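Single-structure report; data block below.
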């Protein structure tokens, strides 16, 4: 059912959040041209706040804009995703250098407790839940750097690679992943920056062929809806 049209600054934020969720989950098909009239009716807004939200998402890399043609849903591009993984790795390694100097033992212990509580066994959690837990860990690690701008960039990267990470998580060995997380924290507590970097480098790195393979599976998820699409 279409919503009544109500425009306000908070409504722009709502539209932005809803469109971002649609883009992250590829509810809009890769390369699909967005019909602004249909979206405005669906979301209950006029063209002005809708266009503001679309422009924000274009700047942040969730949509692309073609002059004279309009806005399009981003493609699942292996090279772009590879670049984002490289950026994520460089960012987290830079942040952990700061965390070695700034992290409080109490905060490290709190994240270790989180690992204990969530455990190495995936249990009956689906890939969406497992990625949420993984992001919580990495953002908690980033928070110890005390750098809010690094955190902002990491959140953007996580949002832009999340769909591929849902696929990637299906292949991951959670016990190994959690062991890596614990090793990073234990070495952080010892203030061993070289060991932290070694684990993070290996933990985050992905080869282009691995990403390409995950994206092929991703397209199957997009065009044949499954649990990931409904979550």
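Numbering (full-length UniProt numbering), first residue to last: 1 to 231. By construction, the Cβ of each residue, glycine as well, lies at the ideal position given by its N, Cα and C atoms. Remember, predicted model here, so these are calculated numbers, not experimental data.
query                                                                                                                                                                           : result
So, for residue 216: in the same chain, excluding its five sequence neighbours on each side, which residues have a beta-carbon less than 8 angstroms away from its beta-carbon? : none
Let me know if residue 79 comes out buried or exposed under the rule of 16 or more other beta-carbons within 10 Å of its beta-carbon.                                           : exposed
Return helix, strand or coil for residue 232, following the three-state DSSP convention.                                                                                        : Since the first and last residues shown for the chain are 1 and 231, residue 232 lies out of range.
What residues in its chain sit with their C-beta under 6 angstroms from that of residue 211, if we drop five residues either side in the sequence?                              : 78, 81 and 82
Quick check on the DSSP output: the alpha helix (DSSP H) that includes residue 155 runs from which residue to which?                                                            : 148–171
Can you tell me whether residue 49 is buried or exposed, with buried defined as 16 or more other CB within 10 angstroms of its CB?                                              : buried
Going by beta-carbon coordinates alone, are residue 163 and residue 72 separated by less than 8 angstroms?                                                                      : no
Smallest Cα separation from residue 207: which of 138, 168 and 132?                                                                                                             : 168
Just mark residue 59 as buried or exposed, buried being the case when its beta carbon has 16 or more other beta carbons within 10 Å.                                            : exposed
Tell me which residue opens and which closes the alpha helix (DSSP H) that residue 38 is part of.                                                                               : 36–43
May I ask you to report which of helix, strand or coil DSSP gives residue 56?                                                                                                   : helix
Would you report the Cα separation of residue 229 and residue 222, rounded to the nearest angstrom?                                                                             : Bear in mind that the predicted position of residue 229 carries a pLDDT of just 44, short of 50, making it too unreliable to give a figure here.
For residue 218, does the count of other Cβ atoms within 10 angstroms reach 16, so buried, or fall short, so exposed?                                                           : buried
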